[in-house]
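K.L.:
Heads up: the sequence shown runs through residues 1 to 363, numbered per full-length UniProt numbering.
Backbone N, C-alpha and C define an ideal beta-carbon position, used for all residues, glycine too.
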Amino acid sequence: MIKIMSKKQILKAAVFAVIFIFLIRSVTYVLRTNGDVKDRFTGFYAEPDNTIDAVVIGSSPVYPAIVTPKIYEDTGITVYPLSSNMQRPVAGMYLVKEAEKTQSPKLYIFEMRMYTANDEDIIGNMAHTREVTDNMKYSMNRIDTINAMVDDKSERLTYYFDIFKYHSNWKTLFMWSQLRDFNYEYPDDLKGYVVYDQVGPTQPVDTTDITGKRPIQDKQEKALRDLLDYLSANDLQGLFIVLPELMTEDSQKKYNYMEAIIESYGYNFLNMNEYYDEIGIDYETDFRDYGNHTNALGAVKVTDYLEEYLVTNYQFIDDHRLDSSFSSWEDAYKLWQEEYAKATETIKQTIADENWYEPEVEE
């Protein structure tokens, strides 16, 4: 004979279920592998609601190139990156939706380098997919992101419940640096920016006279158009940029192709590789890895140029420097000044070393 549970028993069961789910969620957040990507996402979630003016979405060129504390100090504009390594374009729309949960940015900035890639080359290492999905809080949007990024339905379970992957990280439960992430919110000291003091010299390749267009892969074009449609439908402002890199004819033609699509939707496209002189980039000293990612020197130049572009082309009403509640941004700027001074000294020592090597030349 089936025994019917009393209201009290049902209540106890419900309370137990809620506590159990909360604990599993929190333990999972703690167990997730630590690193600058996790710090960046937990830092974003920790920002007070509706205090971020612009969100930058894109892959690894973003966080070493855009000095967010400096932008704040120079302009009063708060900018925060939701970037991860080799971030696939399909993630862009879902990261906008994630940002919209707690923030109302006046502008979304998208870095376009990964749109030139073939998807099959990117998904060879699914760790880069996890850098997006495993750094999002549990939600329906996270599930939608997983469904969009993981084609094989049989593999999705360990993405939905990532504790299956990270259960062996149990030692992190005793580390304050990880235990503090129980709610996946903890301020990032440099507001998502990462300082690099390595130097990898190269020589620039001028592709500004290349006007031809080359289509990007169908998957990437679909992701781009879906993103543009979403921005337009929700009246969201977007800026699409290409950060300085060692250019090729192929990439320039693909950027030309994307520029035409983006501008047809009424959004701005800024390829910084067309403004080497204005930015002042020195390809022998301003990159950490031969033209792929800027170091601390290059980042300041890129940031100065981006600041001017933002102030000239977009209207940011509030100057947060006048608001004492934004003191954490002032603290971030002071910390950046210290880190920048140390990084530039290291870079100078590297260049002065007698074993300094010749820059790689693009053939």
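Have a look at residue 293 and residue 329 and give me their C-alpha separation to the nearest angstrom.
P.N.:
If you take the alpha carbons of residue 293 and residue 329, they lie about 24 Å apart.
K.L.:
By the 10 Å Cβ neighbour count, where 16 or more other Cβ atoms means buried, how is residue 103 classified, buried or exposed?
P.N.:
Under this definition residue 103 is a buried residue.
K.L.:
I'd like to know if the segment 168 to 184 and the segment 208 to 228 are in contact, where contact means that at least 3 CB-CB pairs between them fall below 8 Å.
P.N.:
Short answer: they don't touch.
K.L.:
State the DSSP-derived secondary structure class of residue 240, mapped to helix, strand or coil.
P.N.:
Three-state result, residue 240: strand.
K.L.:
Rounded to whole angstroms, what's the CA-CA distance from residue 55 to residue 316? Just pull it up for me.
P.N.:
Roughly 13 Å separates the two Cα atoms.
K.L.:
For a minimum of 4 consecutive residues, which ranges assigned as the alpha helix (DSSP H) are wholly contained in the segment 125 to 153?
P.N.:
With a minimum length of 4 residues, the continuous alpha helix (DSSP H) runs that stay inside the segment 125 to 153 are 127 to 133 and 140 to 149.
K.L.:
According to DSSP, which residues form a beta bridge with residue 83?
P.N.:
Partner(s): 58.
K.L.:
For the alpha helix (DSSP H) containing residue 345, name the first residue and the last one.
P.N.:
Per DSSP, residue 345 belongs to the alpha helix (DSSP H) from 327 to 352.
K.L.:
Looking at the unbroken alpha helix (DSSP H) that takes in residue 95, where does it start and where does it end?
P.N.:
Its alpha helix (DSSP H) spans residues 92 to 100.
K.L.:
Mind reading off the beta-carbon distance from residue 68 to residue 266? Whole number of angstroms is fine, and I expect it under 8 Å.
P.N.:
Contact doesn't hold; Cβ gap of about 27 Å is too wide.
K.L.:
Near residue 76, which residues of its chain fall below 8 Å by C-beta distance, leaving aside the five closest residues on each side in sequence?
P.N.:
Excluding sequence neighbours, residue 76 sits near 316, 318, 319, 320, 321 and 322.
K.L.:
Over the uninterrupted alpha helix (DSSP H) stretch that includes residue 108, give me the two end residues.
P.N.:
Run containing residue 108: none in the alpha helix (DSSP H); it sits in the beta strand (DSSP E), 107 to 111.
K.L.:
Rounded to the nearest angstrom, what separates residue 144 and residue 164 at their Cα positions?
P.N.:
For residue 144 and residue 164, the distance between alpha carbons rounds to 19 Å.
K.L.:
Between the C-alpha atoms of residue 170 and residue 33, what's the straight-line distance to the nearest angstrom?
P.N.:
Rounded to whole angstroms, residue 170 to residue 33 spans 11 Å at the Cα level.
K.L.:
Roughly how far, in whole angstroms, is the beta-carbon of residue 242 from the beta-carbon of residue 273, given that I think they are within contact range, below 8 Å?
P.N.:
Indeed they touch by this definition, with Cβ atoms about 6 Å apart.
K.L.:
Distance check for residue 278 and residue 352, CA to CA, integer angstroms please.
P.N.:
One C-alpha to the other measures close to 26 Å.
K.L.:
In the DSSP assignment, find the beta strand (DSSP E) that holds residue 269 and state where it starts and stops.
P.N.:
Residues 268 to 271.
K.L.:
My output table needs one value for residue 287: the three-state DSSP class, helix, strand or coil.
P.N.:
If DSSP states are grouped into helix, strand and coil, residue 287 belongs with the strands.
K.L.:
Identify whether residue 248 lies in helix, strand or coil by the three-state DSSP scheme.
P.N.:
Residue 248: coil per DSSP, three-state reduction.
K.L.:
Considering only DSSP beta bridges, list what residue 294 is partnered with.
P.N.:
According to DSSP, residue 294 bridges with 287.
K.L.:
Please list, in chain order, all residues of the same chain as residue 95 whose beta carbon is under 6 Å from its beta carbon, the five residues on each side excluded.
P.N.:
These residues qualify, in order along the chain: 57 and 82.
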